[in-house]
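Engineer: Protein chains in written order, with the working numbering: chain A, 269 to 609; chain B, 269 to 609.
Starting off with a structure, shown below.
There are 2 protein chains.
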Amino acid sequence: MKTRQIAFAARPDGEPDAATFLTREADLPELSLGRILCRNLWVSVDPYLRLKMHDRESYTPPLQIGEAIPGRSVAQVIDSADPAFARGDLVAIQGGWQDLAVVRAAHAERVDPSLAPPVSWLGALGMTGMTAYAGLLSIGQPKAGETVVVSAAAGAVGSLVGQIARKKGARAVGIAGGAEKCRRVVEDYGFDACVDYRAPDFATALAAACPNGVDVYFENVGGDVAATVTPLLNDFARVPVCGLISQYNSASRNSAGGPDDLAEYMRWILVRRLTVRGFIVYDLAGNHPEFTETVAGWLRAGRLREQFTVHEGFDRIVPAFLGMLQGRSFGKTIVKLAEPV
Amino acid sequence: MKTRQIAFAARPDGEPDAATFLTREADLPELSLGRILCRNLWVSVDPYLRLKMHDRESYTPPLQIGEAIPGRSVAQVIDSADPAFARGDLVAIQGGWQDLAVVRAAHAERVDPSLAPPVSWLGALGMTGMTAYAGLLSIGQPKAGETVVVSAAAGAVGSLVGQIARKKGARAVGIAGGAEKCRRVVEDYGFDACVDYRAPDFATALAAACPNGVDVYFENVGGDVAATVTPLLNDFARVPVCGLISQYNSASRNSAGGPDDLAEYMRWILVRRLTVRGFIVYDLAGNHPEFTETVAGWLRAGRLREQFTVHEGFDRIVPAFLGMLQGRSFGKTIVKLAEPV
């Protein structure tokens with residue numbers, strides 16, 4: 269059986285564009301024992317993909333030219349060779365940027381629409397939510413009365429981080445691009461404050477929003493934003509490094525900063541006794557068996573807000589990804605490919 | 269009562285020199301209740317002092333011009349206004365670079381010569397030893413079979429770190445300046461290997477000495493040495509940041525590296541999921557109540573080797589400090605001022 273899919277056509281030099289990708293018909297693997305055939309209903313586009321486009325190892329080997337683009341999806345089982353799933357079931361899988369996917373049933377997570385809307389498995393109940401939850405709680409460890417600063421606060425992960433920080437009694441201060449995003453971070457997500465990193469008074473405004481300094485900086489961005497946060501970090505502050513989107517488009521060695529930034533940063537680590545720790549969600553997921561129940565409870569009770577920027581149709585996958593990288597989205601960016609039947 | 273003491277005369281621009289200091293007679297505080305009057309027998313000279321000479325906050329406020337130079341010492345009580353200590357007792361104190369000191373008895377640690385030679389309270393049994401022990405065990409957390417790399421391996425802290433790492437079953441690889449130091453790090457301290465950072469093949473030699481990568485990098489140095497270690501770090505490696513001696517002489521914002529080093533470093537933190545954590549010994553000391561007993565046991569059994577570069581006489585304090593900063597010492601640098609009586 270064949271599927272329409274998006275593959276990696278050319279390694280981008282700087283910002284990716286349409287020429288980075290190609291659409292093709294591809295053969296699906298056999299539906300051998302233990303596998304399920306799924307139709308992707310919603311697919312996720314994620315910043316980490318840009319990191320995989322450099323010709324350097326990151327978490328995983330770099331994307332190879334011609335390789336199908338990976339990505340989480342919420343999908344519907346249309347044929348099953350595994351007793352755990354039946355035709356019609358909804359699942360969250362590594363479905364990729366394609367219409368159909370054959371995956372191992374053992375790697376599929378059941379989507380239970382009685383708990384939350386299915387798209388939540390790409391948002392608060394999925395890798396996005398686990399990244400926010402586990403990164404903040406395992407590494408950031410916010411305590412009541414502390415200040416948590418989150419960059420990319422209007423984004424998929426950041427918007428959840430601030431809300432969870434507030435549930436722990438911390439002050440949540442977001443950083444986002446533009447006054448409109450900042451307004452929504454406060455009004456929609458309930459952050460205590462949100463500061464526009466594009467504003468000329470960014471550093472002053474951030475310091476004013478953090479009168480007691482910063483105890484946790486949840487890093488999604490890097491670069492100049494990070495450099496502005498660093499001097500505000502209190503002794504023993506924690507910096508979960510979740511992403512560095514400001515530098516993903518750069519060649520491997522590049523920075524917005526000056527020549528002395530690493531020495532300066534190391535000095536802060538030393539004298540403030542900072543803990544800076546990189547993570548990816550798979551490292552921490554096992555620490556939090558309560559995750560789905562807790563977050564689904566918050567969603568049902570209206571105590572956690574998630575928002576999606578939803579694009580419609582296969583041809584919107586690439587534009588959705590490019591727009592998300594450029595900061596032109598709010599909350600979690602997904603693309604709807606089909607209706608459940 | 270008066271004492272001869274060394275004070276901070278001028279903020280150095282780059283490397284400190286004799287003009288950084290002045291020697292003067294100074295009044296001692298009153299020997300009020302709860303205090304002891306001590307004669308310094310051995311005083312310690314430490315790299316962190318250089319960090320305090322910049323006009324910027326570090327762990328503590330910067331040294332002010334005219335301020336007496338602080339430092340640990342092993343001293344003998346010559347008069348006591350506290351029942352805990354009597355004339356003749358040996359103590360480890362914040363005695364400073366002076367002949368006599370009045371300190372609070374509650375801040376004095378008893379030196380027990382039956383446990384170890386008194387100078388060990390400036391070495392393996394003192395802040396130096398606790399820095400190595402607590403930094404390695406609390407933050408580095410080496411496991412059997414892992415590889416621990418230590419910069420400034422011939423220095424006071426580094427030489428202990430490698431020995432303790434080996435006791436935990438780890439492979440200890442030192443980095444030091446010059447073939448002679450490297451030889452002694454292996455022969456005297458029993459490291460598995462030691463690599464000369466001044467040699468043209470440093471990077472290649474370090475990689476060869478760490479065939480399974482690096483799980484713990486105990487950071488004493490920063491700069492180019494650190495940049496050479498970083499790409500060798502394994503997933504989930506730990507980097508206790510104890511010191512950054514290569515950058516202490518620089519103006520506050522300076523680095524041996526290029527403009528892109530911070531972005532590159534953050535990328536390693538993210539993709540390798542590193543934990544980089546700054547510390548000073550006082551943060552961690554409480555975690556290790558077993559420290560003195562354990563380390564004294566190792567010393568008595570000949571299972572931990574400490575070496576001192578001992579200078580003699582008050583006039584040698586400043587040269588000892590300057591030489592230590594320039595890497596012209598081995599093990600812990602101390603200055604002997606008087607004999608116990």
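Don't be surprised by glycine CBs; every beta carbon is placed ideally from N, CA and C.
Which full runs of the beta strand (DSSP E) of 3+ residues lie inside the segment 455-526 of chain A, going along the chain?
Structural biologist: 461-464, 482-486 and 501-509
Engineer: Going along the chain, which residues of the segment 340-358 of chain A sit with their C-beta nearer than 9 Å to a C-beta in chain B?
Structural biologist: none
Engineer: Helix, strand or coil: which one does DSSP assign to B/Leu610?
Structural biologist: A question about residue 610 of chain B goes unanswered here, because the residues of chain B that appear run from 269 up to 609.
Engineer: Compute the beta-carbon to beta-carbon distance between A/Arg378 and A/Arg303, rounded to the nearest angstrom, for a pair I have assumed lies under 8 Å.
Structural biologist: A/Arg378 to A/Arg303, Cβ: 16 Å. No contact.
Engineer: On the DSSP letters alone, give me the boundaries of the beta strand (DSSP E) that B/Ile333 sits inside.
Structural biologist: No beta strand (DSSP E) holds B/Ile333; DSSP gives it neither H nor E.
Engineer: Quick one: using the 10 Å Cβ neighbour count with 16 as the cut-off for buried, is B/Ala402 buried or exposed?
Structural biologist: buried
Engineer: So which residues of chain A does B/Ser406 contact, with C-beta pairs closer than 8 Å?
Structural biologist: Within chain A, no residue comes near B/Ser406; the closest Cβ sits about 12 Å away, beyond 8 Å.
Engineer: Measuring straight from C-alpha to C-alpha, what distance separates A/Lys610 and A/Pro385?
Structural biologist: Not covered by the structure: residue 610 of chain A. The range shown for chain A is 269 to 609.
Engineer: List the DSSP bridge partners of B/Thr415.
Structural biologist: Beta-bridge pairing links B/Thr415 to B/Arg439.
Engineer: Out of B/Ala354, B/Tyr516, B/Leu358 and B/Leu331, which one is the CA nearest neighbour of B/Ala213?
Structural biologist: In the structure displayed, chain B extends from 269 to 609; residue 213 of chain B sits before or after that span and is not available.
Engineer: Any beta carbon from chain A within less than 8 Å of B/Ala531's own beta carbon?
Structural biologist: By this cut-off, B/Ala531 is an interface position.
Engineer: Using the beta-carbon count (16 or more within 10 Å), is B/Ala412 buried or exposed?
Structural biologist: It is exposed - the Cβ of B/Ala412 has fewer than 16 other Cβ atoms within 10 Å.
Engineer: Should A/Ile537 and B/Gly546 be called a contact, given that it needs their Cβ atoms to be closer than 8 Å?
Structural biologist: yes
Engineer: With 16 other CB atoms within 10 Å as the buried threshold, where does B/Gly334 fall?
Structural biologist: Classification for B/Gly334: exposed.
Engineer: Please list the partners that B/Thr543 has in chain A, where partner means a Cβ-to-Cβ separation under 9 Å.
Structural biologist: Residues of chain A passing the Cβ test: Ile407, Thr543, Val544, Arg545 and Gly546.
Engineer: So with CB distances below 9 Å, who are the chain A contacts of B/Asp551?
Structural biologist: Asp503, Phe504 and Arg541
Engineer: When the cut-off is 8 Å and only beta carbons count, does A/Leu317 lie next to chain E?
Structural biologist: Looking for chain E here will not work: the only protein chains present are A and B.
Engineer: Suppose only complete runs of 4+ residues qualify. What are the alpha helix (DSSP H) ranges in the segment 293-348 of chain B, listed by chain order?
Structural biologist: 316-320
Engineer: For chain A, is any of its Cβ atoms less than 8 Å away from the one on B/Met534?
Structural biologist: yes
Engineer: Just list the residues that DSSP pairs A/Lys600 with in beta bridges.
Structural biologist: A/Phe576
Engineer: Please classify B/Ser520 as buried or exposed, where buried requires at least 16 neighbouring CB atoms within 10 angstroms.
Structural biologist: Note that B/Ser520 scores 45 on pLDDT, short of 50, meaning its location in the model is unreliable; the coordinates nonetheless yield the value given after this. The residue in question, B/Ser520, is exposed, as its Cβ has fewer than 16 Cβ neighbours within 10 Å.
Engineer: Look at the Cβ atom of A/Gly364, then the Cβ atom of A/Ala336, and state whether they are nearer than 8 Å.
Structural biologist: yes
Engineer: I'd like to know whether the C-beta of B/Leu512 is nearer than 8 Å to at least one C-beta of chain A.
Structural biologist: yes
Engineer: Under 8 Å between the Cβ atoms of B/Leu530 and B/Val507?
Structural biologist: Against a cut-off of 8 Å, the Cβ pair of B/Val507 and B/Leu530 comes out as no contact.
Engineer: Which residues in chain A have a C-beta closer than 9 Å to the C-beta of B/Ile304? List them in chain order.
Structural biologist: What B/Ile304 touches in chain A: nothing, since even the nearest Cβ is about 31 Å away.
Engineer: Is any beta-carbon of chain B found at less than 8 Å from that of A/Val489?
Structural biologist: Not an interface residue.
Engineer: Does the contact criterion of 3 or more C-beta pairs under 8 Å hold for the segment 418-433 of chain A versus the segment 479-487 of chain A?
Structural biologist: A contact between stretches requires three or more CB pairs, one per stretch, nearer than 8 Å, and the segment 418-433 of chain A meets this requirement with the segment 479-487 of chain A.
Engineer: Looking at C-beta atoms only, is the number of pairs between the segment 342-358 of chain A and the segment 594-601 of chain A that lie closer than 8 Å three or more?
Structural biologist: no
Engineer: Have a look at B/Ala277, B/Leu309 and B/Ala495 and flag the residue whose alpha-carbon is nearest the alpha-carbon of B/Val609.
Structural biologist: Residue B/Leu309 is the option with its Cα nearest to B/Val609.
Engineer: Using a cut-off of 8 Å between C-beta atoms, extract the partners of B/Ser518 located in chain A.
Structural biologist: Ala531
Engineer: Going by the beta-carbon positions, is the gap between B/Ala360 and B/Arg340 smaller than 8 Å?
Structural biologist: yes
Engineer: Kindly list the residues whose CB is nearer than 6 Å to the CB of B/Val549, restricted to its own chain and excluding five residues on each side of it in sequence; keep chain order.
Structural biologist: Met395, Met398 and Thr399
Engineer: Report the rounded CA-to-CA distance for B/Arg307 versus B/Gly565, giving the unit in angstroms.
Structural biologist: Separation of B/Arg307 and B/Gly565 (C-alpha to C-alpha, rounded to the nearest whole angstrom) is 28 Å.
Engineer: Give the residues of chain A in contact with B/Val429, contact being defined as C-beta atoms less than 7 Å apart.
Structural biologist: Neighbours of B/Val429 on chain A: none; closest Cβ ~16 Å, over 7 Å.
Engineer: Measuring CB to CB, does B/Val313 end up less than 8 Å from B/Phe559?
Structural biologist: No; because the gap between Cβ atoms is not below 8 Å, this pair is not in contact.
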